[in-house]
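Novice:
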Amino acid sequence: MMEYHIGTILVGSLKYDFLKNIPDYDVFNVEGIVQVLNYKRTGYGAEIFATYNDKKPKMSLLYCSESITLSDESEQNVDLYFGGRYYANKHMYILNDPLSYVVKKFKSRYVKAVDLFFDSACIHIVRKEKIDYFTYIPLKPKDIKENKFDRFKSLKLPELKNGNIRLDNLLKCTKDFSQKGNDLYVRREVVKGTFQIIENVDIENKTIVIIDDVFSTGSTIFEAAKTLYEAGAKKVIAIILSVNQLTESSIEYKNLKCKVCGSNMRIRMNNNTGELFFGCENYMEHEEEKNTGELIPGMNALKKKNKFEIYEIIDLLDEF
Ligand SMILES: [Zn+2]
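Numbering that gives the first Met the number 0 numbers the first residue of the sequence shown as 0 and each following residue consecutively.
Right, here's the structure in full:
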């Protein structure tokens, strides 16, 4: 299923170098986007690229809203904003994904791009509604003991600070846990009761933004949101740098192979013309033409190889 998958919808034709992923859907007009999104699959967020003019597109935040159940069985909504995709090391994807690289780096040191992402995402939300607190997912006790890099504390958030807004530490993590290799249901159990509101903070009737770096099944961020709601929060909004691509991308990805040396072909750009083409790792050393492929035929070959098809709703119903 497509739970929490970020897809790409391309409007128009493949032309520019901003495309990092094979589009899930090529559409040719706004009605086409609506049709795709009307599949209404849980957790399918789509970045939409349009090639209507020569300007490079601006990335926007992906938004969705999820309902969570509190201990008293009541329901609350969490608004989620996502920055982009995260591919774990095992994923073979068509291009090395720049955001995944940044996410990995941020685990151990300050990264300016991450700082600017959170800063502008927070500012975007401040412009839309009144926020009482900005907070983050705290380190686990073991990490504090081992003096692990506290990544969210390293953020400078320059624009937020200009507006006299700080990132506050509202939550305390009370136990060590690991989510590695756990499925969704185990993850939800493992994280239960992990967070506590730190002393002397009044959460009652407050609107709170909480930030984190990777969203996999949502267990951690939803548990944190639950803790805040149960302490009386009015509204919880989450900003997450990236969404772990657990579905489509965790299947084996079949690359195009070079006919000369057998290495993987990937999309490359001709620096002079800006044109995109497929080239292998050693294409510079090969004789001309033998080792490169045109973009559109290459994309089509890849789609065919990896069976990136649009499934009709009726097919899904039959299967599940
Ligand atoms: Zn080659």
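Where a beta carbon is used, it is the ideal one built from N, C-alpha and C, also for glycine.
If you run the structure through DSSP and keep just helix, strand and coil, what is Q75?
Specialist: Here residue 75 is taken as the residue at index 76 of the sequence shown, counted from 1. Note: Q75 maps to strand in three-state DSSP.
Novice: Kindly identify the DSSP beta-bridge partner or partners of C63.
Specialist: Walking along the sequence shown from the start, residue 63 turns up at place 64. L79.
Novice: Since I believe I164 is in contact with V125 (beta carbons under 8 angstroms), could you give me their beta-carbon distance rounded to a whole number of angstroms?
Specialist: Residue 125 sits at position 126 when you count from the first residue of the sequence shown. Residue 164 sits at position 165 when you count from the first residue of the sequence shown. Right, their Cβ atoms sit about 7 angstroms apart.
Novice: Roughly how many angstroms separate the alpha carbons of D142 and C257, rounded to a whole number?
Specialist: The residue given as residue 142 occupies position 143 in the sequence shown. The residue given as residue 257 occupies position 258 in the sequence shown. If you take the alpha carbons of D142 and C257, they lie about 45 angstroms apart.
Novice: Do you know offhand how far F277's Cα is from N270's?
Specialist: Taking the sequence shown and counting its residues from 1, one reaches residue 277 at position 278. Taking the sequence shown and counting its residues from 1, one reaches residue 270 at position 271. Going from the Cα of F277 to the Cα of N270 covers about 14 angstroms.
Novice: Rounded to a whole number of angstroms, what is the C-alpha to C-alpha distance between P56 and Y86?
Specialist: For the purposes of this step, residue 56 is taken as the residue at position 57 of the sequence shown. For the purposes of this step, residue 86 is taken as the residue at position 87 of the sequence shown. With a pLDDT of 49 at P56, under the threshold of 50, the modelled position of this residue cannot be trusted, and the question is left open.
Novice: Mind pulling the beta strand (DSSP E) runs of 3 or more residues that sit fully within the stretch 109–173?
Specialist: The stretch 109–173 contains these whole beta strand (DSSP E) runs: 132–135 and 170–172.
Novice: Can you name the residues that DSSP bridges to N243?
Specialist: Position 244 of the sequence shown, counting from 1, holds the residue named residue 243. According to DSSP, which records beta bridges pairwise, N243 is partnered with Y85.
Novice: In the structure shown, what three-state DSSP assignment does V189 receive?
Specialist: In the sequence shown, the residue the question calls residue 189 occupies position 190. Residue state, collapsed to three classes: helix.
Novice: Determine the DSSP secondary structure at L183, reduced to helix, strand or coil.
Specialist: Along the sequence shown, read from residue 1 onward, the residue named residue 183 stands at position 184. It is helical.
Novice: Could you round the C-beta distance between I239 and D211 to whole angstroms and report it? I think they count as a contact, below 8 angstroms.
Specialist: Residue mapping note: residue 239 aligns to position 240 of the sequence shown, counting from 1. Residue mapping note: residue 211 aligns to position 212 of the sequence shown, counting from 1. About 5 angstroms separates the two Cβ atoms, so the contact holds.
Novice: For ligand 1, any of its heavy atoms closer than 7 angstroms to the Cβ of N263?
Specialist: Position 264 of the sequence shown, counted from the start, is the residue given in the question as residue 263. No, since every heavy atom of ligand 1 falls outside the 7 angstroms radius drawn around the Cβ of N263.
Novice: Let me make sure I understand the geometry here. Which of E30, L159, P140 and K147 has the alpha-carbon closest to that of F176?
Specialist: As a first step, residue 176 is located in the sequence shown; it is residue number 177 there, counting from the start. Closest option to F176, Cα to Cα, is P140.
Novice: Would you kindly check if the distance between the Cβ of T226 and the Cβ of I196 is under 8 angstroms?
Specialist: Indexing the sequence shown from 1 puts residue 196 at position 197. Indexing the sequence shown from 1 puts residue 226 at position 227. Their beta carbons are under 8 angstroms apart, which means I196 touches T226 by this criterion.
Novice: Look at the Cβ atom of F221, then the Cβ atom of V77, and state whether they are nearer than 8 angstroms.
Specialist: On the sequence shown, residue 221 is found 222 positions in, with the first residue counted as 1. On the sequence shown, residue 77 is found 78 positions in, with the first residue counted as 1. The answer is yes: Cβ separation under 8 angstroms.
Novice: Judging by CA-CA distance, which residue of L154, E74, Y132 and N254 is the nearest neighbour of S107?
Specialist: As a first step, residue 107 must be located in the sequence shown, where it is residue number 108. For the residues L154, E74, Y132 and N254, the minimum Cα distance to S107 belongs to L154.
Novice: Which of helix, strand or coil does DSSP assign to T226?
Specialist: Taking the first residue of the sequence shown as position 1, residue 226 is located at position 227. Correct three-state label for T226: helix.
Novice: Mind checking C260: buried by the 16 CB within 10 Å criterion, or exposed?
Specialist: Taking the sequence shown and counting its residues from 1, one reaches residue 260 at position 261. It counts as exposed.
Novice: At the level of alpha carbons, what is the spacing between L138 and K303?
Specialist: The count along the sequence shown starts at 1 and reaches residue 138 at position 139. The count along the sequence shown starts at 1 and reaches residue 303 at position 304. Taking the straight line joining both Cα atoms gives about 44 angstroms.
Novice: Is K304 helix, strand or coil when you go by DSSP?
Specialist: As a position in the sequence shown, residue 304 is number 305, starting the count at 1. K304 falls in the helix class under three-state DSSP.
Novice: Quick one: grab the DSSP three-state call for L255.
Specialist: As a first step, residue 255 is located in the sequence shown; it is residue number 256 there, counting from the start. Residue state, collapsed to three classes: coil.
Novice: So, using beta-carbon positions, are V235 and I266 closer together than 8 angstroms?
Specialist: Position 236 of the sequence shown, counting from 1, holds the residue named residue 235. Position 267 of the sequence shown, counting from 1, holds the residue named residue 266. No, Cβ-Cβ distance for V235 and I266 is not below 8 angstroms.
Novice: Give the C-beta separation of V242 and R84 to the nearest angstrom, bearing in mind that I take them to be a contact with Cβ-Cβ under 8 angstroms.
Specialist: The count along the sequence shown starts at 1 and reaches residue 242 at position 243. The count along the sequence shown starts at 1 and reaches residue 84 at position 85. At roughly 6 angstroms, the Cβ-Cβ gap stays under 8 angstroms, so V242 and R84 are in contact.
Novice: Strictly by DSSP, which residues pair up with E293?
Specialist: In the sequence shown, residue 293 corresponds to position 294, counting from 1. DSSP output for E293 lists F276 as bridge partner(s).
Novice: Do Q178 and S218 come within 8 angstroms of each other at the CB atom, strictly closer than that value?
Specialist: As a position in the sequence shown, residue 218 is number 219, starting the count at 1. As a position in the sequence shown, residue 178 is number 179, starting the count at 1. Closer than 8 angstroms, so yes.
Novice: Less than 8 angstroms separating the beta-carbons of L98 and A237?
Specialist: For the purposes of this step, residue 98 is taken as the residue at position 99 of the sequence shown. For the purposes of this step, residue 237 is taken as the residue at position 238 of the sequence shown. Cβ distance not < 8 angstroms, so L98 and A237 don't count as in contact.
Novice: If you count every other CB in all the chains shown that lies within 10 Å of the CB of K205, and 16 or more means buried, which is it?
Specialist: Here the question's residue 205 lines up with position 206 in the sequence shown. With 16 or more other Cβ atoms within 10 Å, it is buried.
Novice: Starting from Q195, follow its DSSP beta bridges and name the residues at the other end.
Specialist: By 1-based counting over the sequence shown, the position of residue 195 is 196. Looking at the DSSP assignment, Q195 forms a beta bridge with K171.
Novice: Of all the options T216, H285 and A230, which has the alpha carbon lying nearest to the alpha carbon of E65?
Specialist: For the purposes of this step, residue 65 is taken as the residue at position 66 of the sequence shown. Comparing Cα positions, the closest option is T216.
Novice: Would you tell me roughly how many angstroms separate the C-alpha atoms of C121 and L159, rounded to the nearest one?
Specialist: In the sequence shown, the residue the question calls residue 121 occupies position 122. In the sequence shown, the residue the question calls residue 159 occupies position 160. Roughly 7 angstroms separates the two Cα atoms.
Novice: Given a threshold of 16 other Cβ atoms within 10 Å of its Cβ, counted over all protein chains shown, does L156 qualify as buried or as exposed?
Specialist: Walking along the sequence shown from the start, residue 156 turns up at place 157. So L156 counts as buried.
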